[in-house]
Amino acid sequence: VPVPDPDYEVERILLEGDVPSPVNPPSGCYFHPRCRYAKEICKTEAPEYRDIGGEHFVACHFADELKLQPVRAG
């Protein structure tokens, strides 16, 4: 939803690396090659997709400890 404020700025998150091939996805978490928080477990184990409340879902081994804010689409 657009914000009707010309001075409103959204912080852009720039991801490094290449998008993995859907034909040959990486092992473990599909996002680990581009994630700044990835650790060894991310390379071998896919995280469970779970509800974190407020109609938000996450698939990350470290979601509880990172306490990241949801990203607005748009």
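Plus 1062 on top of the position in the sequence shown (first one is 1) and you've got the working numbering. Cβ atoms here follow ideal geometry from the backbone N, Cα and C, with glycine treated the same way.
Which residues DSSP lists as bridging residue i, in chain order
i: F1119; result: D1113
From the options, residue whose alpha carbon lies closest to that of residue i
i: L1077; options: H1094, V1120 and L1128; result: H1094
i: T1106; options: C1091, C1122, P1066 and V1085; result: C1091
i: E1102; options: R1074, V1085, H1118 and C1122; result: C1122
Same chain only: Cβ atoms within 8 Å of residue i, ignoring 5 sequence neighbours per side
i: I1114; result: V1120 and A1125
Contacts around residue i, its chain only, beta-carbon distance under 7 Å, and the 5 residues preceding and following it disregarded
i: R1096; result: L1077, E1078 and G1079
i: Y1099; result: F1124 and L1128
i: R1089; result: Rather than Arg, the amino acid found at residue 1089 in this sequence is Ser. Within the same chain, S1089 has close Cβ partners K1105 and T1106.
i: P1109; result: C1091, A1121, C1122 and H1123
Cut-off 6 Å between Cβ atoms - residues of its own chain near residue i, not counting five sequence neighbours on either side
i: E1117; result: none
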